[in-house]
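Everything on this sheet refers to the single structure shown next.
Numbering (this note's numbering), first residue to last: 78 to 170.
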């Protein structure tokens, strides 16, 4: 069985690359519309959380940044799993 060692030129994980790309997109969007864009990128159905007027007003602005919030974002929402890790001191006083 061949084992692979970690190297310093290892490719970044996909989630890290995706997070960096999303952060760049969100940073370029005006603050007023950032929360709407973040909710859409997270897979939220914006029609259920804002009025039609607000939705289309935000859609007009966000379209200039390449986001069409009138269509569902193609992300799958996964349930959040919480794993509690209990830490104990290594050295005793």
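Note that beta-carbon positions come from the ideal geometry of N, C-alpha and C, so glycine has one too.
Note that the structure is predicted; figures quoted are calculated from it, not measured.
>> Quick check on the burial criterion: 16 or more other C-beta atoms within 10 angstroms. Buried or exposed for residue 110?
In response: Sequence index remark: in the chain shown, residue 110 carries index 33 (1-based). With 16 or more other Cβ atoms within 10 Å, it is buried.
> Would you call the segment 139–153 and the segment 100–114 in contact, with 3 or more CB pairs under 8 angstroms?
Replying inline: yes
> Hey, how far is the Cα of residue 157 from the Cα of residue 138?
Replying inline: By one-based count along the chain shown, residue 157 stands at place 80. By one-based count along the chain shown, residue 138 stands at place 61. Answer to the nearest angstrom: the Cα atoms are 31 angstroms apart.
>> Can you list, in chain order, the residues of its chain with a C-beta nearer than 8 angstroms to that of residue 133? Leave out the 5 residues immediately preceding and following it.
In response: Here residue 133 refers to the residue found at position 56 of the chain shown. Contacts found: 147.
>> Mapping the DSSP letters down to three states, classify residue 127 as helix, strand or coil.
In response: Taking the chain shown and counting its residues from 1, one reaches residue 127 at position 50. Correct three-state label for residue 127: coil.
> Where does residue 160 land, buried or exposed, given buried means 16+ other C-beta within 10 angstroms?
Replying inline: One-based indexing of the chain shown puts residue 160 at position 83. That one is exposed.
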